[in-house]
Amino acid sequence: MQKIGLFVNLSKKNAMNVTKVLIGWLKENNYAVYTDENIADKLNFPVDAKSLEELTRSIELAVTLGGDGTLLRIARKMAPHDIPVLGINLGHLGFLTEIEVPDLFKDLEHLKARRYYIDRRMMIEAQVLRENKIMEKFLALNDVVITKGPFARLIRLKTMVNDAYIDTYHADGLIISTPTGSTAYSLSAGGPIINPNMELLLLTPICPHTLQNRSIIMSKADVINVQVMAEHQEIMLTVDGQLGYKLLPYDKVVVKKSDFYTKLVRIKNRSFYEILRKKLRESN
2 MQKIGLFVNL SKKNAMNVTK VLIGWLKENN YAVYTDENIA DKLNFPVDAK
52 SLEELTRSIE LAVTLGGDGT LLRIARKMAP HDIPVLGINL GHLGFLTEIE
102 VPDLFKDLEH LKARRYYIDR RMMIEAQVLR ENKIMEKFLA LNDVVITKGP
152 FARLIRLKTM VNDAYIDTYH ADGLIISTPT GSTAYSLSAG GPIINPNMEL
202 LLLTPICPHT LQNRSIIMSK ADVINVQVMA EHQEIMLTVD GQLGYKLLPY
252 DKVVVKKSDF YTKLVRIKNR SFYEILRKKL RESN
(Lines of atoms letter the chains of each structure in order from A and count residues from 1; the text may use other names and numbers.)
(Lines give C-alpha, C1' and ligand atoms only; values in the text may rest on other atoms or scores of the structure.)
Protein backbone atom coordinates (compact mmCIF):
# COMPACT_ATOMS: atom_id res chain seq x y z
CA MET A 1 0.00 0.00 0.00
CA GLN A 2 2.32 2.72 -1.29
CA LYS A 3 -0.33 5.15 -2.59
CA ILE A 4 -1.89 6.99 0.34
CA GLY A 5 -4.91 9.27 0.40
CA LEU A 6 -5.17 11.68 3.36
CA PHE A 7 -8.54 12.84 4.64
CA VAL A 8 -8.31 15.45 7.38
CA ASN A 9 -10.82 17.06 9.73
CA LEU A 10 -9.16 20.46 10.00
CA SER A 11 -11.56 21.54 12.76
CA LYS A 12 -9.74 19.20 15.15
CA LYS A 13 -7.12 20.68 17.44
CA ASN A 14 -3.58 20.32 16.08
CA ALA A 15 -4.87 18.74 12.84
CA MET A 16 -2.77 20.95 10.58
CA ASN A 17 0.50 20.26 12.43
CA VAL A 18 -0.05 16.50 12.62
CA THR A 19 -0.96 16.37 8.92
CA LYS A 20 2.19 18.19 7.85
CA VAL A 21 4.37 15.94 10.01
CA LEU A 22 2.63 12.87 8.61
CA ILE A 23 3.10 14.00 5.00
CA GLY A 24 6.77 14.60 5.68
CA TRP A 25 7.24 11.09 7.10
CA LEU A 26 5.32 9.45 4.25
CA LYS A 27 7.35 11.22 1.57
CA GLU A 28 10.64 10.42 3.31
CA ASN A 29 9.62 6.76 3.22
CA ASN A 30 8.74 6.78 -0.48
CA TYR A 31 4.98 6.81 -0.24
CA ALA A 32 2.96 8.64 -2.89
CA VAL A 33 0.68 11.04 -1.00
CA TYR A 34 -2.59 12.49 -2.28
CA THR A 35 -5.33 14.48 -0.66
CA ASP A 36 -8.66 16.09 -1.38
CA GLU A 37 -8.50 19.35 -3.33
CA ASN A 38 -10.17 21.32 -0.51
CA ILE A 39 -7.63 20.09 2.05
CA ALA A 40 -4.64 20.70 -0.23
CA ASP A 41 -5.57 24.36 -0.64
CA LYS A 42 -5.52 24.88 3.13
CA LEU A 43 -2.39 22.87 3.90
CA ASN A 44 0.04 25.11 2.00
CA PHE A 45 2.28 22.05 1.79
CA PRO A 46 3.50 20.09 -1.27
CA VAL A 47 1.00 17.28 -1.81
CA ASP A 48 -0.86 16.09 -4.92
CA ALA A 49 -4.52 17.10 -4.92
CA LYS A 50 -7.31 15.17 -6.59
CA SER A 51 -11.08 15.05 -6.53
CA LEU A 52 -12.67 12.35 -4.38
CA GLU A 53 -13.58 10.36 -7.49
CA GLU A 54 -9.99 10.52 -8.73
CA LEU A 55 -8.69 9.51 -5.30
CA THR A 56 -10.78 6.34 -5.25
CA ARG A 57 -9.11 5.34 -8.53
CA SER A 58 -5.58 6.26 -7.44
CA ILE A 59 -4.99 5.25 -3.82
CA GLU A 60 -4.40 1.92 -2.09
CA LEU A 61 -4.96 3.13 1.48
CA ALA A 62 -7.11 5.91 2.95
CA VAL A 63 -5.71 7.57 6.10
CA THR A 64 -8.10 9.69 8.16
CA LEU A 65 -7.05 12.31 10.68
CA GLY A 66 -9.85 13.21 13.07
CA GLY A 67 -12.18 11.03 15.08
CA ASP A 68 -14.62 8.21 14.46
CA GLY A 69 -16.90 10.61 12.59
CA THR A 70 -14.21 11.40 10.03
CA LEU A 71 -13.52 7.70 9.57
CA LEU A 72 -17.22 6.90 9.13
CA ARG A 73 -17.54 9.50 6.37
CA ILE A 74 -14.55 8.17 4.47
CA ALA A 75 -15.45 4.51 5.05
CA ARG A 76 -18.71 4.99 3.14
CA LYS A 77 -16.70 6.39 0.21
CA MET A 78 -13.97 3.76 0.22
CA ALA A 79 -15.97 0.56 0.78
CA PRO A 80 -17.38 0.29 -2.78
CA HIS A 81 -13.79 0.51 -4.07
CA ASP A 82 -12.40 -2.05 -1.59
CA ILE A 83 -9.89 0.49 -0.21
CA PRO A 84 -8.74 -0.07 3.42
CA VAL A 85 -8.94 2.77 5.94
CA LEU A 86 -6.46 3.63 8.70
CA GLY A 87 -7.70 6.10 11.33
CA ILE A 88 -5.42 8.49 13.25
CA ASN A 89 -7.25 9.79 16.29
CA LEU A 90 -7.18 13.52 17.03
CA GLY A 91 -9.98 13.43 19.58
CA HIS A 92 -11.09 11.18 22.44
CA LEU A 93 -10.51 7.45 22.44
CA GLY A 94 -12.38 6.07 19.45
CA PHE A 95 -13.80 2.66 18.66
CA LEU A 96 -12.78 2.87 15.00
CA THR A 97 -9.60 4.94 14.82
CA GLU A 98 -6.38 2.99 15.33
CA ILE A 99 -3.42 5.30 15.94
CA GLU A 100 -3.05 7.82 18.75
CA VAL A 101 -0.83 10.85 18.05
CA PRO A 102 1.82 9.96 20.72
CA ASP A 103 2.28 6.58 18.99
CA LEU A 104 2.25 7.98 15.45
CA PHE A 105 5.79 7.19 14.28
CA LYS A 106 6.05 3.87 16.11
CA ASP A 107 2.82 2.66 14.53
CA LEU A 108 3.77 3.99 11.10
CA GLU A 109 6.91 1.87 11.25
CA HIS A 110 4.66 -1.16 11.71
CA LEU A 111 2.71 -0.06 8.64
CA LYS A 112 5.93 0.34 6.67
CA ALA A 113 7.09 -3.14 7.72
CA ARG A 114 3.67 -4.56 6.80
CA ARG A 115 3.01 -5.68 10.35
CA TYR A 116 -0.73 -5.08 10.35
CA TYR A 117 -3.96 -6.91 9.62
CA ILE A 118 -7.25 -6.00 8.00
CA ASP A 119 -10.46 -5.97 10.07
CA ARG A 120 -13.55 -6.42 7.85
CA ARG A 121 -16.70 -4.74 9.14
CA MET A 122 -20.19 -5.48 7.88
CA MET A 123 -22.15 -2.56 6.41
CA ILE A 124 -25.84 -2.03 5.71
CA GLU A 125 -27.70 -0.37 2.87
CA ALA A 126 -30.98 1.49 3.02
CA GLN A 127 -33.45 2.37 0.29
CA VAL A 128 -36.18 4.98 0.59
CA LEU A 129 -39.32 3.97 -1.32
CA ARG A 130 -42.13 6.38 -2.12
CA GLU A 131 -45.14 4.85 -3.87
CA ASN A 132 -42.92 1.84 -4.67
CA LYS A 133 -40.36 4.04 -6.42
CA ILE A 134 -36.77 4.11 -5.10
CA MET A 135 -36.07 7.73 -4.13
CA GLU A 136 -32.61 7.35 -2.59
CA LYS A 137 -30.03 4.74 -1.55
CA PHE A 138 -27.59 4.95 1.35
CA LEU A 139 -24.64 2.94 2.66
CA ALA A 140 -23.85 2.89 6.40
CA LEU A 141 -21.18 1.45 8.66
CA ASN A 142 -22.87 2.30 11.98
CA ASP A 143 -26.61 2.75 11.56
CA VAL A 144 -29.62 4.18 9.82
CA VAL A 145 -32.14 5.96 12.04
CA ILE A 146 -35.74 7.00 11.47
CA THR A 147 -36.59 9.75 13.91
CA LYS A 148 -39.17 12.39 14.63
CA GLY A 149 -38.41 16.06 14.26
CA PRO A 150 -38.51 18.78 16.90
CA PHE A 151 -42.16 18.24 17.84
CA ALA A 152 -42.84 16.40 21.10
CA ARG A 153 -45.06 13.70 19.65
CA LEU A 154 -44.47 10.06 18.90
CA ILE A 155 -44.36 8.59 15.42
CA ARG A 156 -45.78 5.24 14.32
CA LEU A 157 -43.45 2.95 12.41
CA LYS A 158 -44.92 -0.24 10.95
CA THR A 159 -42.07 -2.75 10.88
CA MET A 160 -41.78 -5.95 8.88
CA VAL A 161 -38.90 -8.42 8.68
CA ASN A 162 -38.97 -10.33 5.41
CA ASP A 163 -42.71 -11.08 5.12
CA ALA A 164 -43.36 -11.21 8.87
CA TYR A 165 -45.01 -8.36 10.75
CA ILE A 166 -43.03 -7.41 13.89
CA ASP A 167 -44.83 -4.42 15.40
CA THR A 168 -46.02 -0.89 14.82
CA TYR A 169 -43.71 1.05 17.09
CA HIS A 170 -45.08 4.14 18.86
CA ALA A 171 -41.77 5.81 19.64
CA ASP A 172 -39.43 8.72 19.03
CA GLY A 173 -37.82 6.64 16.30
CA LEU A 174 -36.12 3.42 15.30
CA ILE A 175 -32.43 2.54 14.96
CA ILE A 176 -31.23 -0.19 12.63
CA SER A 177 -27.55 -0.81 13.24
CA THR A 178 -24.64 -3.06 12.48
CA PRO A 179 -22.58 -4.68 15.25
CA THR A 180 -20.10 -1.82 14.75
CA GLY A 181 -22.93 0.63 15.39
CA SER A 182 -24.11 -1.19 18.51
CA THR A 183 -21.79 1.02 20.61
CA ALA A 184 -23.14 4.24 19.05
CA TYR A 185 -26.71 5.59 19.10
CA SER A 186 -28.24 2.16 19.72
CA LEU A 187 -26.32 1.82 22.99
CA SER A 188 -27.63 5.21 24.16
CA ALA A 189 -31.16 3.97 23.42
CA GLY A 190 -30.67 0.88 25.59
CA GLY A 191 -29.52 -1.58 22.94
CA PRO A 192 -27.00 -4.37 23.58
CA ILE A 193 -23.26 -4.22 22.92
CA ILE A 194 -22.27 -6.62 20.13
CA ASN A 195 -18.81 -7.75 19.09
CA PRO A 196 -18.19 -5.93 15.78
CA ASN A 197 -16.71 -9.04 14.15
CA MET A 198 -20.17 -10.60 14.09
CA GLU A 199 -22.57 -10.15 11.18
CA LEU A 200 -26.17 -9.39 12.11
CA LEU A 201 -28.79 -6.64 12.18
CA LEU A 202 -29.89 -4.87 15.35
CA LEU A 203 -33.27 -3.14 15.67
CA THR A 204 -33.65 -0.73 18.61
CA PRO A 205 -36.66 1.55 19.28
CA ILE A 206 -36.00 5.05 20.63
CA CYS A 207 -38.05 5.88 23.74
CA PRO A 208 -40.90 3.48 22.90
CA HIS A 209 -44.31 4.21 24.39
CA THR A 210 -44.71 0.65 25.72
CA LEU A 211 -42.19 -1.02 27.99
CA GLN A 212 -42.31 -4.38 26.19
CA ASN A 213 -40.58 -2.90 23.14
CA ARG A 214 -36.95 -4.03 23.30
CA SER A 215 -34.05 -4.41 20.89
CA ILE A 216 -34.26 -7.34 18.48
CA ILE A 217 -31.22 -9.07 17.00
CA MET A 218 -31.77 -10.41 13.50
CA SER A 219 -29.94 -12.51 10.96
CA LYS A 220 -27.64 -10.88 8.43
CA ALA A 221 -29.91 -12.38 5.74
CA ASP A 222 -33.03 -10.59 7.02
CA VAL A 223 -34.55 -7.59 5.24
CA ILE A 224 -36.17 -4.94 7.45
CA ASN A 225 -39.02 -2.87 6.02
CA VAL A 226 -40.22 0.16 8.00
CA GLN A 227 -43.20 2.24 6.88
CA VAL A 228 -43.82 5.72 8.26
CA MET A 229 -47.42 5.84 9.51
CA ALA A 230 -47.23 9.35 11.02
CA GLU A 231 -49.03 12.18 9.26
CA HIS A 232 -46.75 15.09 10.11
CA GLN A 233 -43.90 16.25 7.89
CA GLU A 234 -40.97 16.38 10.33
CA ILE A 235 -39.56 12.86 10.08
CA MET A 236 -35.95 12.23 9.09
CA LEU A 237 -33.78 9.36 8.00
CA THR A 238 -30.18 9.80 9.18
CA VAL A 239 -27.20 7.71 8.09
CA ASP A 240 -24.26 7.25 10.48
CA GLY A 241 -25.45 10.44 12.18
CA GLN A 242 -24.06 12.42 9.23
CA LEU A 243 -26.41 12.26 6.24
CA GLY A 244 -30.05 13.30 6.42
CA TYR A 245 -33.06 12.65 4.21
CA LYS A 246 -36.58 13.98 4.83
CA LEU A 247 -39.25 11.29 4.91
CA LEU A 248 -42.89 11.81 3.97
CA PRO A 249 -45.94 10.01 5.41
CA TYR A 250 -46.17 6.41 4.17
CA ASP A 251 -42.61 6.33 2.84
CA LYS A 252 -40.89 2.98 3.32
CA VAL A 253 -37.30 2.41 4.41
CA VAL A 254 -35.87 -0.98 3.43
CA VAL A 255 -32.64 -1.99 5.18
CA LYS A 256 -30.46 -5.04 4.57
CA LYS A 257 -26.85 -6.17 4.80
CA SER A 258 -24.66 -4.57 2.14
CA ASP A 259 -22.40 -6.49 -0.20
CA PHE A 260 -19.65 -3.98 0.72
CA TYR A 261 -17.41 -4.14 3.77
CA THR A 262 -15.35 -1.47 5.51
CA LYS A 263 -11.75 -2.68 5.71
CA LEU A 264 -9.98 -1.21 8.76
CA VAL A 265 -6.21 -1.41 9.07
CA ARG A 266 -5.25 -2.67 12.54
CA ILE A 267 -1.73 -2.31 13.94
CA LYS A 268 -2.17 -2.52 17.71
CA ASN A 269 -2.74 -5.85 19.38
CA ARG A 270 -5.76 -4.76 21.41
CA SER A 271 -9.14 -6.42 21.61
CA PHE A 272 -12.56 -4.86 21.18
CA TYR A 273 -13.18 -5.56 24.87
CA GLU A 274 -10.12 -3.57 25.92
CA ILE A 275 -11.29 -0.59 23.87
CA LEU A 276 -14.81 -1.02 25.27
CA ARG A 277 -13.58 -1.05 28.86
CA LYS A 278 -11.58 2.15 28.36
CA LYS A 279 -14.43 3.87 26.52
CA LEU A 280 -17.02 3.02 29.16
CA ARG A 281 -14.65 4.08 31.96
CA GLU A 282 -14.14 7.40 30.13
CA SER A 283 -17.91 8.04 30.14
CA ASN A 284 -18.21 7.70 33.94
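The opening residue of the sequence shown carries number 2 in the working numbering; numbering runs sequentially from there.
Note that CB positions come from ideal geometry on N, CA and C, so glycine has one too.
When 102, 163, 158 are compared against residue 170, the one with the closest alpha-carbon: 158
Of the listed residues 276, 54, 262, nearest to residue 120 (C-alpha basis): 262
Any 3 or more C-beta pairs closer than 8 Å across the segment 215-233 and the segment 88-102: no
Continuous beta strand (DSSP E) assignments of at least 3 residues falling wholly in the segment 125-211: 134-141, 144-149, 156-162, 165-172, 174-178, 201-207
Euclidean distance between Cα positions of residue 99 and residue 29: 22 Å
DSSP bridge partner residues for residue 121 (one or two, in chain order): 264
Selection from 38, 65, 53, 26 that minimises the alpha carbon distance to residue 13: 65
Sub-7 Å separation of residue 187 and residue 205 beta-carbons: yes
Euclidean distance between Cα positions of residue 104 and residue 256: 39 Å
Burial state of residue 122 (16 or more Cβ within 10 Å): buried
Member of 69, 144, 49 whose CA lies at the smallest distance from the CA of residue 101: 69
The beta strand (DSSP E) enclosing residue 87, as first and last residue numbers: 86-90
Buried versus exposed, by CB contacts within 10 Å (16 or more), residue 211: exposed
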